[in-house]
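**Student:** Let me give you the structure first, and then I'll get to my questions.
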Amino acid sequence: MRKKSIEQPISNIESKEDKRELEMKKLLKEVFGEERWMKSFLSDDSHGFNHGNQVRLACLELIKKLTLSERKTFLQEGKEFCKDDFSDCVLAATEIAAIFHDCGRFNEDGKIITAEQKNHHILSAERAEVFCKNINFSNAIPHVRKAILSHDFQSKELTPDLSPPEKIMGKIVQSSDQIGWFHPDSAKRTLDFSKEIGRPFFKPELSLEERLEWKPFSHKNEDALTVMLRQLFGPTGTDRFGVGFAREKIGKYKLGLEKSILKIAEDFNVVSEVKALIEAFRKDSLERNKED
Ligand SMILES: [Fe+2]
Ligand SMILES: [Fe+2]
């Protein structure tokens, strides 16, 4: 009987798209309503609830596009922590991981502190654990935690302190979040977040080497443009995008992202500088790919 279920498509995904957003907001307020970080989380657009919810919807879209073998693996994972309704279980766990993945960017005072961002995945996982316990979903905790802890993995070189997800649930959350880096709208999001943490768009004194060596969460001498260039020319391998459909999607976004970066450059009156840097990053990424 169960064998048969695992062969079937996952049903009811559409019904979860809108319904779960309201459900999650209600539960978040019930569990964390008194806490200061929750106030910031619910109102911030860069990494708050809206971002978590976008990643949740992207997860549901990816789940619909899983290949047969990916889907079987996903459902099998649900069986590891739910005897019955394992399809609903693994979906709910994925949605929780998506909603919570970046909530640790807000500290207990509801503030975004640059130096604390490096460990946001750990705080996010802790809060998701508290949430699961409160809603009587403790059996999902190890899966939700693992998915959150590896969501920011890009490559061994760029994110040496993180590990890629082992489980497909983690790969779905990570792919859905990382696709966001390539989305044409993400340049604007990076600019907004940079404003929040006091990072300028363009620092003319930064050398090309400094820009090429930049790593996420290093927060040394950086500007928003370097982050955007790393978005555009970041790794696209299976360790970062472990779901086939995710890799297809990024290819379609890249041109739009480049245009968005140039549009921002126009607003800051540095188009020729940014065009030259885009070409230098392109050359570097071609050389890197040749070496791989
Ligand atoms: Fe993150
Ligand atoms: Fe995120």
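For the sequence shown, the residue numbers in my numbering are 23 to 314.
Beta carbons are placed, not taken as given, at the ideal position from N, Cα and C, and that holds for glycine.
Within 10 angstroms of its Cβ, does residue 100 collect 16 or more other Cβ (buried), or is it exposed?
**Tutor:** Numbered from its first residue, the sequence shown carries residue 100 at position 78. When all chains shown are included, residue 100 counts as buried.
**Student:** Nearest by alpha-carbon distance to residue 70: which of 155, 133 and 249 is it?
**Tutor:** Working through the sequence shown from its first residue, we reach residue 70 at position 48. Measuring from the Cα of residue 70, the nearest candidate turns out to be 133.
**Student:** What did DSSP end up calling residue 104 once you bin it into helix, strand or coil?
**Tutor:** Against the sequence shown, residue 104 aligns to sequence position 82. In this structure, residue 104 counts as coil in the three-state DSSP scheme.
**Student:** Please name the residue, chosen from 298, 139, 217 and 300, that lies closest to residue 246 on a Cα-to-Cα basis.
**Tutor:** Taking the first residue of the sequence shown as position 1, residue 246 is located at position 224. Measuring from the Cα of residue 246, the nearest candidate turns out to be 217.
**Student:** Compare the C-alpha of residue 95 against each of 109, 64 and 77 and name the closest.
**Tutor:** Along the sequence shown, read from residue 1 onward, the residue named residue 95 stands at position 73. Comparing Cα positions, the closest option is 109.
**Student:** Rounded to a whole number of angstroms, what is the C-alpha to C-alpha distance between residue 279 and residue 222?
**Tutor:** The sequence position of residue 279 within the sequence shown is 257, counting from 1. The sequence position of residue 222 within the sequence shown is 200, counting from 1. The straight-line gap from Cα to Cα measures roughly 19 Å.
**Student:** Let me check understanding here. Comparing Cα to Cα, which of 187, 193, 238 and 234 lies closest to residue 212?
**Tutor:** Translated into the one-based positions of the sequence shown, residue 212 becomes position 190. It is 238.
**Student:** Might you give, ordered along the chain, the residues of its own chain that have their beta carbon closer than 6 Å to the beta carbon of residue 270, omitting 5 neighbours on each side?
**Tutor:** Numbered from its first residue, the sequence shown carries residue 270 at position 248. There are no such residues.
**Student:** Where does residue 54 land, buried or exposed, given buried means 16+ other C-beta within 10 angstroms?
**Tutor:** Within the sequence shown, the letter at position 32 stands for residue 54. Buried, because 16 or more other Cβ atoms sit within 10 Å of the Cβ of residue 54.
**Student:** Pick helix, strand or coil for residue 200, following the three-state DSSP scheme.
**Tutor:** Numbered from 1 along the sequence shown, position 178 holds the residue referred to as residue 200. Three-state result, residue 200: helix.
**Student:** Look at the Cβ atom of residue 275, then the Cβ atom of residue 215, and state whether they are nearer than 8 Å.
**Tutor:** What you label residue 275 is simply residue 253 of the sequence shown in a count that begins at 1. What you label residue 215 is simply residue 193 of the sequence shown in a count that begins at 1. Taking 8 Å as the Cβ cut-off, residue 275 and residue 215 do not qualify as a contacting pair.
**Student:** Just checking my contact of residue 114 with residue 169 at CB under 8 Å: how many whole Å lie between their CB atoms?
**Tutor:** Reading the sequence shown from its first residue, position 92 is the one you call residue 114. Reading the sequence shown from its first residue, position 147 is the one you call residue 169. So it is not a contact: roughly 12 Å between Cβ atoms.
**Student:** I'd like the list of long-range same chain contacts for residue 157, defined as Cβ closer than 7 Å, with 5 residues on each side in sequence excluded.
**Tutor:** Numbered from 1 along the sequence shown, position 135 holds the residue referred to as residue 157. Same-chain partners within the cutoff: 49.
**Student:** How big is the Cα-Cα spacing for residue 135 and residue 106?
**Tutor:** Against the sequence shown, residue 135 aligns to sequence position 113. Against the sequence shown, residue 106 aligns to sequence position 84. Those two C-alpha atoms are separated by around 42 Å.
**Student:** Please report the Cβ distance between residue 151 and residue 42, rounded to the nearest whole angstrom; I am assuming they are in contact, meaning their Cβ atoms lie under 8 Å.
**Tutor:** As a position in the sequence shown, residue 151 is number 129, starting the count at 1. As a position in the sequence shown, residue 42 is number 20, starting the count at 1. Contact doesn't hold; Cβ gap of about 19 Å is too wide.
**Student:** For residue 178 and residue 262, I'd like the C-alpha separation in whole angstroms.
**Tutor:** The residue you call residue 178 lines up with position 156 of the sequence shown. The residue you call residue 262 lines up with position 240 of the sequence shown. Approximately 10 Å, taken between the alpha carbons.
**Student:** For my contact list, residue 195 and residue 81 are in at a C-beta cut-off of 8 Å; report their separation, rounded to the angstrom.
**Tutor:** To locate residue 195, count along the sequence shown from 1; it is residue 173. To locate residue 81, count along the sequence shown from 1; it is residue 59. Contact flag correct, Cβ pair sits at about 6 Å.
**Student:** Quick check: what's the CA-CA separation for residue 89 versus residue 268?
**Tutor:** To locate residue 89, count along the sequence shown from 1; it is residue 67. To locate residue 268, count along the sequence shown from 1; it is residue 246. Distance between the alpha carbons of residue 89 and residue 268 is about 12 Å.
**Student:** Taking only heavy atoms of ligand 1 into account, decide whether any of them is closer than 7 Å to the Cβ of residue 124.
**Tutor:** As a working note, residue 124 is residue 102 in the sequence shown. At least one heavy atom of ligand 1 is nearer than 7 Å to the Cβ of residue 124, so yes.
**Student:** Between residue 174 and ligand 1, is the CB less than 7 Å from at least one heavy atom?
**Tutor:** Taking the first residue of the sequence shown as 1, we reach residue 174 at position 152. Residue 174 Cβ: within cutoff of ligand 1.
**Student:** Measuring CB atoms only, is the segment 181-194 touching the segment 250-258, in the sense that at least three cross pairs come out at less than 8 Å?
**Tutor:** Taking a cut-off of 8 Å on C-beta distances, the segment 181-194 does not touch the segment 250-258, as fewer than three cross pairs fall below it.
**Student:** Would you kindly check if the distance between the Cβ of residue 197 and the Cβ of residue 264 is under 8 Å?
**Tutor:** On the sequence shown, residue 264 is found 242 positions in, with the first residue counted as 1. On the sequence shown, residue 197 is found 175 positions in, with the first residue counted as 1. It is a contact, given that the beta carbons lie within the stated cut-off.
**Student:** Does DSSP put residue 76 in a helix, in a strand, or in coil?
**Tutor:** As a position in the sequence shown, residue 76 is number 54, starting the count at 1. Looking at residue 76 - three-state DSSP - the assignment turns out to be helix.
**Student:** Within the present structure, is the beta-carbon of residue 66 separated from the nearest heavy atom of ligand 2 by less than 7 Å?
**Tutor:** Residue 66 sits at position 44 when you count from the first residue of the sequence shown. Result no, Cβ not under 7 Å from ligand 2.
**Student:** Starting from the C-beta of residue 104, find all residues in its chain whose C-beta is less than 6 Å away, skip the five residues before and the five after it, and write them out in chain order.
**Tutor:** Position 82 of the sequence shown holds residue 104. The answer, listed in chain order, is 111.
**Student:** Relative to ligand 4, is the shortest distance from any of its heavy atoms to the C-beta of residue 205 smaller than 7 Å?
**Tutor:** The model on display carries ligand 1 and ligand 2 but not ligand 4.
**Student:** Excluding five sequence neighbours on each side, which residues of the same chain lie with their C-beta closer than 7 Å to the C-beta of residue 46?
**Tutor:** Taking the sequence shown and counting its residues from 1, one reaches residue 46 at position 24. Cβ within range, chain order: 121.
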